[in-house]
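In what follows, a structure is listed as structure tokens, so that the remarks can point back to it.
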């Protein structure tokens, strides 16, 4: 859905991918996504950690899609970096973004309480990130069971 919303802008598109290939399955998935994006005319930037810098470097006159903030935060946490500081830096870059930006993120707080400290720390940090992203965003669209739900603003073109 996020890709459809980005395409609906009819602007040149940049895809900022945050996934890292930690295993064979992710390696194959990333390769498949790279191939599909190239065929669709996306310029892809792969950024597991320095997301704010990549957003700041986006060209004006285009639109960008970040997929996804959840994997980025996972990378930050696993790299031993300060998650709150990284979130602050990311939000500053988003506030000064040179072009329309779509950020994909996951809601991870709707399930059971994780059974280990690292997972609980991640869930809490992801909740802080999602609240901050929503506060900065013009629109927030949640997707449940494949249906777009306008949480803030109206559904954008391409959301259905």
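Residue numbers (the numbering used here): 238 to 397.
Every residue, glycine too, gets a C-beta built ideally from N, C-alpha and C.
The model shown is predicted, which means the values in this text are computed figures rather than measured ones.
Practice prompt. Taking all protein chains shown into account, decide if residue 353 is buried (16 or more other Cβ within 10 angstroms of its Cβ) or exposed.
Written response: Position 116 of the chain shown, counted from the first residue, corresponds to residue 353. Residue 353 is exposed by the Cβ-count criterion.
- Task: Note down the Cα distance separating residue 360 from residue 275, rounded to an integer number of angstroms.
- Result: The sequence position of residue 360 within the chain shown is 123, counting from 1. The sequence position of residue 275 within the chain shown is 38, counting from 1. Answer to the nearest angstrom: the Cα atoms are 33 Å apart.
Considering Cα atoms alone, identify which of 283, 250, 240 is closest to residue 258.
In the chain shown, residue 258 corresponds to position 21, counting from 1. Per the Cα distances, 283.
Alpha helix (DSSP H) segments (min. 4 residues) lying fully within the region 274 to 320: 288 to 293, 306 to 315
- Query: Mind checking whether residue 251 and residue 300 have CB atoms under 9 Å apart?
  - Reply: In the chain shown, counting from the first residue as 1, residue 251 sits at position 14. In the chain shown, counting from the first residue as 1, residue 300 sits at position 63. Yes, the Cβ-Cβ distance between residue 251 and residue 300 is below 9 Å.
**Study point:** Expected contact under 8 Å - CB spacing of residue 314 and residue 307 to nearest Å
**Key:** Position 77 of the chain shown, counted from the first residue, corresponds to residue 314. Position 70 of the chain shown, counted from the first residue, corresponds to residue 307. No, residue 314 and residue 307 are not in contact; Cβ-Cβ is about 11 Å, not under 8 Å.
Please report the residue range of the alpha helix (DSSP H) in which residue 243 lies.
-> As a first step, residue 243 must be located in the chain shown, where it is residue number 6. Start and end: 239 to 245.
Handout entry: Option in 280, 343, 333 with minimal Cα separation from residue 309
Key = Taking the first residue of the chain shown as position 1, residue 309 is located at position 72. Nearest in C-alpha terms to residue 309, of all of 280, 343, 333, is 343.
Exercise for review: Round the Cβ separation of residue 324 and residue 369 to the nearest angstrom and send it over; I've been treating them as touching at under 8 Å.
Suggested key: As a working mapping, residue 324 is identified with position 87 in the chain shown. As a working mapping, residue 369 is identified with position 132 in the chain shown. Yes, they are in contact, since the Cβ atoms of residue 324 and residue 369 sit about 6 Å apart, within 8 Å.
Quick check: the Cα distance between residue 382 and residue 281, rounded to an integer number of angstroms?
Stepping through the chain shown from its first residue, residue 382 is reached at position 145. Stepping through the chain shown from its first residue, residue 281 is reached at position 44. Here the alpha carbon of residue 382 sits roughly 28 Å from the alpha carbon of residue 281.
- Query: From what residue to what residue does the alpha helix (DSSP H) around residue 369 run?
  - Reply: Your numbering for residue 369 matches position 132 in the chain shown. Counting along the chain, the alpha helix (DSSP H) containing residue 369 begins and ends at 354 to 373.
Go ahead and pull the three-state DSSP assignment for residue 322.
The residue labelled residue 322 in the question sits at position 85 within the chain shown. Looking at residue 322 - three-state DSSP - the assignment turns out to be helix.
| task | Confirm, please, whether the CB-CB distance from residue 238 to residue 380 is below 9 Å. | result | In the chain shown, the residue the question calls residue 380 occupies position 143. In the chain shown, the residue the question calls residue 238 occupies position 1. For residue 380 and residue 238, yes; Cβs fall inside 9 Å.
Just grab the DSSP bridge partners of residue 197 for me.
Look at the range of the chain in this structure, 238 to 397, and you will see that residue 197 is not part of it.
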